[in-house]
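In the numbering used here, the protein residues as written are 134 to 372.
If you want it as structure tokens, here you go:
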């Protein structure tokens, strides 16, 4: 969330520079805002507005606003034009935010915990929309979420931040290729090179670990990793 706020100039950086789609996010702020659509974890639109009045405001705010696209998304999401936003459910508000973000020809969507607190059906609908958006070659998504399964469905690259430190940044498919989950005895785990063990959990029923694929001992079955468990093991192992 802090990274996203820095990108959007909601926080001011102490040093360094930020470019968005090749543009300086401070010097070229107006142009940057035209190219990005943003969805936060809470709907930011005034509750007394309805979708129709919001449409007029957004049309004045964005040069490339597309009425037909907006109305199409409202129909797709089954959102009423004339009901006040304050009477929308959380899921409806998130879908309205998505409709606005997708209706001004944005090339980059930025989502800050946009799927948190939503029921699984609404979350799945939003993930489908994101995947459709990224089918366009010049479209990208930056998504912040604690729901790892959403990241696994929608993202090509995954970064993991913990206590302000970048713990991991890797192509999702490479994570699946590089690591394996294993179940073994404590003695078998101790025989593996410590540098190859990403994280482990030892209990009364044996040991569970995530290791480099090439380090899986002969005779022990390696299984595809669970990325959420990989993150947990990394935090516990690294502190």
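Where is the CB? At the ideal position from N, CA and C, for every residue including glycine. Every value quoted in this text rests on a predicted model; they were computed, and no experiment measured them.
Distance from the CA of residue 352 to the CA of residue 336, rounded to the nearest whole angstrom, comes to 21 Å. Contact between the segment 293–301 and the segment 310–325 is absent: fewer than three C-beta pairs spanning the two stretches fall below 8 Å. If the five residues before and after residue 239 are omitted, its C-beta is found closer than 7 Å to the C-beta atoms of 168, 169, 170, all from its own chain and listed in chain order. Check the Cα spacing between residue 197 and each of 234, 286, 261: the tightest is with 234. Between residue 289 and residue 256, the C-beta spacing is not below 8 Å.
At a cut-off of 3 residues, the continuous stretches assigned as beta strand (DSSP E) that sit fully inside the segment 289–349 are 290–295, 298–304, 312–317, 330–336, 339–345. At least 8 Å separates the beta-carbon of residue 312 from that of residue 365. For residue 170, the enclosing beta strand (DSSP E) has its first and last residue at 169–172. The residues 248, 249, in chain order, have a CB closer than 7 Å to that of residue 280 in the same chain once the five nearest residues on each side in sequence are set aside.
Burial state of residue 203 is buried, judged by a 10 Å Cβ sphere holding 16 or more other Cβ atoms.
Distance check between residue 223 and each of 195, 254, 185 places 254 closest, using alpha-carbon atoms only.
As for any beta strand (DSSP E) of minimum length 3 sitting wholly inside the segment 151–219, the runs are 169–172, ordered along the chain.
Here the C-alpha atom of residue 272 lies approximately 38 Å from the C-alpha atom of residue 328. Taking C-alpha positions only, residue 147 is separated from residue 160 by approximately 16 Å. Selection 287, 320, 322 evaluated against residue 305 yields 287 as nearest (Cα-Cα).
Membership of residue 284 in the alpha helix (DSSP H) is indicated by the continuous run 281–287. Distance from the CA of residue 265 to the CA of residue 242, rounded to the nearest whole angstrom, comes to 12 Å. The alpha carbon of residue 262 has as its nearest neighbour, out of 213, 140, 166, 206, the alpha carbon of 206. Around the Cβ of residue 342, a 10 Å sphere holds 16 or more other Cβ atoms; the residue is buried. Exclusion of the five residues before and after residue 214 leaves 184, 185 as the residues of its chain whose Cβ lies within less than 6 Å of its Cβ. In the three-state DSSP reduction, residue 143 falls in the coil class, being neither helix nor strand. Here residue 229 is near residue 176, since their CB atoms are less than 8 Å apart.
Remark: C-beta atoms of residue 291 and residue 360 approach each other more closely than 8 Å.
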